[in-house]
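Residue numbers (the working numbering): 313 to 461.
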C-alpha cells in the first residue's frame, strides 16, 4: 500500500472550518506522523508514504517513514501527488489519501480503473470531504494520531 498526505490541504481545512490561523484555540493538535502512519497501515505492508507541504516539518516526516515533497502551491502539490501515485501504482493494491483535493478526481478514477483500492482518511467532523474520492473505506482518525496534551 501507499499513503499520500496533503499537509497544506489539512491546514487550509483547519483555517476554513475553525477560523484559526494555525496553532491557536480551535485547531487540531499537531499530527504525530509515526502514529498516523501506523494507524493507516495497520498490519498491511507499506511500500511508500508521501507527504506534501511547505517543508516546515520535513525533518519530522523523514524520521517517521514519510518521503517529504516540498511544494510551493496547490497546483505543484496536485502535480507532485499525481506523478508519485502513478509511479507507485504498479507496485501497490491500495492507496490511502488524507487531505484530498477535488483536482485529483481524474487520478482517483484512473487508479480505480487499474484495480487499485482507494481509501480516504480524515478527522471526525473535521474530515476533509472530497466527494470525488471513490473510497472503498474511510479511516476515521482521532487523538491516536495527534500529540494530545
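Heads up, the beta-carbon is just placed ideally off N, CA and C, and yes, glycines get one too.
Mapping DSSP to helix, strand and coil, what is residue i?
i	result
residue 366	coil
residue 358	coil
residue 396	helix
residue 342	coil
residue 413	coil
residue 421	helix
residue 454	coil
residue 382	strand
residue 313	coil
Rounded to a whole number of angstroms, what is the C-alpha to C-alpha distance between residue i and residue j?
i	j	result
residue 355	residue 319	24 Å
residue 454	residue 425	31 Å
residue 322	residue 343	10 Å
residue 384	residue 391	11 Å
residue 428	residue 371	30 Å
residue 418	residue 398	12 Å
residue 363	residue 412	12 Å
residue 396	residue 357	18 Å
residue 337	residue 415	For residue 337, the predicted model reports a pLDDT of 44, less than 50, meaning its position is unreliable and no value from the coordinates is stated.
residue 459	residue 430	27 Å
residue 421	residue 432	14 Å
residue 373	residue 449	25 Å
residue 377	residue 386	23 Å
residue 361	residue 315	5 Å
Return yes when the Cβ of residue j is within less than 8 Å of the Cβ of residue i, no when it is not.
i	j	result
residue 406	residue 313	yes
residue 404	residue 359	yes
residue 423	residue 401	yes
residue 456	residue 353	no
Considering only C-alpha positions, which residue in the set the options is nearest to residue i?
i	options	result
residue 368	357, 380 and 420	380
residue 451	378, 458, 409 and 345	409
residue 382	353, 351, 366 and 352	366
residue 348	434, 420 and 421	434
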